[in-house]
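One structure is given below, encoded as structure tokens.
There are 2 protein chains.
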Amino acid sequence: MSKDIRSIFHEQGLKFTPQRKAVLKVLQDTHAYLSINKIHANVKEILPGTGLATVYRSLETLVDLELVVKVHLEDGCHSYTLAPEGHRHPIVCTDCSKVIEYTDCPIEDLSKKVSKDTGIPIQNHFLQLFGKCKECRA
Amino acid sequence: MSKDIRSIFHEQGLKFTPQRKAVLKVLQDTHAYLSINKIHANVKEILPGTGLATVYRSLETLVDLELVVKVHLEDGCHSYTLAPEGHRHPIVCTDCSKVIEYTDCPIEDLSKKVSKDTGIPIQNHFLQLFGKCKECRA
DNA sequence: CCCTAATTGAGAAATTTTCTCAATTATAAA
DNA sequence: TTTATAATTGAGAAAATTTCTCAATTAGGG
Numbered sequence: 001m002s003k004d005i006r007s008i009f010h011e012q013g014l015k016f017t018p019q020r021k022a023v024l025k026v027l028q029d030t031h032a033y034l035s036i037n038k039i040h041a042n043v044k045e046i047l048p049g050t051g052l053a054t055v056y057r058s059l060e061t062l063v064d065l066e067l068v069v070k071v072h073l074e075d076g077c078h079s080y081t082l083a084p085e086g087h088r089h090p091i092v093c094t095d096c097s098k099v100i101e102y103t104d105c106p107i108e109d110l111s112k113k114v115s116k117d118t119g120i121p122i123q124n125h126f127l128q129l130f131g132k133c134k135e136c137r138a
Numbered sequence: 139m140s141k142d143i144r145s146i147f148h149e150q151g152l153k154f155t156p157q158r159k160a161v162l163k164v165l166q167d168t169h170a171y172l173s174i175n176k177i178h179a180n181v182k183e184i185l186p187g188t189g190l191a192t193v194y195r196s197l198e199t200l201v202d203l204e205l206v207v208k209v210h211l212e213d214g215c216h217s218y219t220l221a222p223e224g225h226r227h228p229i230v231c232t233d234c235s236k237v238i239e240y241t242d243c244p245i246e247d248l249s250k251k252v253s254k255d256t257g258i259p260i261q262n263h264f265l266q267l268f269g270k271c272k273e274c275r276a
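As they're listed, the protein sequences go chains A and B. Every letter in the first sequence is one number past the one before it in this note's numbering, and letter 58, counting from 1, is 58. The number in this note's numbering is simply the position in the second sequence, starting from 1, with 138 added.
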């Protein structure tokens, strides 16, 4: 599995460096939307010397490779999470900001309907759902 | 119409200042997602002395009053647009970033379905659609 | 085990956003 | 209309976020 990821990097002539590996691992392990600073903090536990600029650069690369998704939470700004496989939509916990992915995307159908209704061909859509997860409701 | 808005301010003990009026007018006239800097530039044409900080503060206030919506475009960061009346979703033109509002929100139903499927009560959702508007397709 | 181009760390620089505070002003009350 | 007062503003400083620069390091191919 990390074998596949390695080859994704190499196909682009990019190096699979420990720093990039660490950023990815942090996101894989947490499975939540994380701010740059939290990512940086967690990465430094794996790889102490890592600079903030490198975290920025790694995230940019990972987003380019579509391994990671950059999103916007309601309050603050840029956060990142692992890119879902296939077409999914995130349900973000309003308490702990953990992400639960929802597979069943109904927007495909909606897009067609909207295109008909408005005459505008819908190229893309961005949907996030918000709710309190089971753990946080307990 | 600006009478109603005035009272929305007054109900909160807020002043309906020329600066706030100008920010609102810019958004009303443009009907597109505008960055802070564009808003500031346009506001200064109406009210030359207006400071940037005031634009930030006005927008914050307008968002609090739910007269304005703060959103995130795909590339850059915070942009603002007039809050749609009732529950609508914006279709953002991928070329000119003009906003067309779509009234028929199907997410209400979806939310119920998702809640059932996942056991997570959906409190809120954020949906933006992207497509090229008629003018830009011409 | 080398080469080489990609990447990194560190700090400077640029950009964006917030804060501070004296001066101004919208609004309610007289 | 005038006055009082609390909210608001402008200006610049300060803080926070993001990008850039460049010498030193390193991953990966040969």
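Note that the Cβ used here is the ideal one computed from N, Cα and C, for glycine as well. Just so you know, these numbers come straight off a predicted model, no measurement behind them.
- Not a single C-beta of chain B is nearer than 9 Å to the C-beta of A/Lys112.
- C-alpha of A/His31 to C-alpha of A/Phe130: approximately 16 Å in a straight line.
- By the rule that beta-carbons nearer than 9 Å mark a contact, B/Ile143 does not touch chain A.
- For B/Lys270, same chain residues with a beta-carbon under 8 Å away, outside a window of 5 residues either side, are Cys231, Thr232, Asp233 in chain order.
- Scanning chain B for C-beta atoms nearer than 9 Å to the C-beta of A/Gly13 yields nothing, as the closest lies near 24 Å away.
- Contact of B/Ser196 with chain A is not assigned, every C-beta pair being separated by 9 Å or more.
- The straight-line gap separating the alpha-carbon atoms of A/Gly119 and A/Leu65 is approximately 33 Å.
- Exposure of A/His10 is indicated by the presence of fewer than 16 other C-beta atoms within 10 angstroms of its C-beta.
- Pairing B/Phe154 with B/Arg195, the inter-Cα distance amounts to about 13 Å.
- In this structure, DSSP gives B/Tyr218 an extended state, which the three-state scheme calls strand.
- Minimum Cα-Cα distance from A/Leu67 among the listed residues A/Pro48, A/Val26, A/Tyr102 corresponds to A/Val26.
- Look at B/Thr188: its C-beta is not under 9 Å from any C-beta on chain A.
- A check of alpha carbon separations from B/Lys236 across B/Leu185, B/Gln266, B/Ala179 identifies B/Gln266 as the nearest.
- The bridge partners DSSP lists for A/Cys93 are A/Gly131.
- The alpha-carbon of B/Gly189 is positioned some 17 Å away from that of B/Leu200.
- Among the CB atoms of chain B, none fall inside 9 Å of the CB of A/Ser35.
- A/Tyr102 is a Cβ neighbour of B/Val252, given a cutoff of 9 Å.
- Going by DSSP, A/Glu66 is part of no beta strand (DSSP E) at all; its letter is neither H nor E.
- B/Ala276 sits in coil when the DSSP states are folded into three classes, being neither helix nor strand.
- At least one beta carbon of chain A lies nearer than 9 Å to the beta carbon of B/Asp255.
- Counting every other CB atom within 10 Å of its CB across the protein chains shown gives B/Ser217 a total of 16 or more, marking it as buried.
- Around A/Ala22, the same chain offers Val43, Ile46, Leu47 as residues with beta carbons nearer than 6 Å, after the five sequence neighbours per side are excluded.
- Not a single C-beta of chain A is nearer than 9 Å to the C-beta of B/Pro156.
- Ranking B/Leu248, B/Cys274, B/Asp142, B/Gln157 by CA distance to the CA of B/Glu198 puts B/Gln157 first.
- B/Thr192 is positioned such that its CB atom lies no closer than 9 Å to that of B/Val207.
- Take the alpha-carbon of B/Ser249 and the one of A/His125: they are about 17 Å apart.
- Interface criterion met: the Cβ of A/Thr94 is under 9 Å from a Cβ in chain B.
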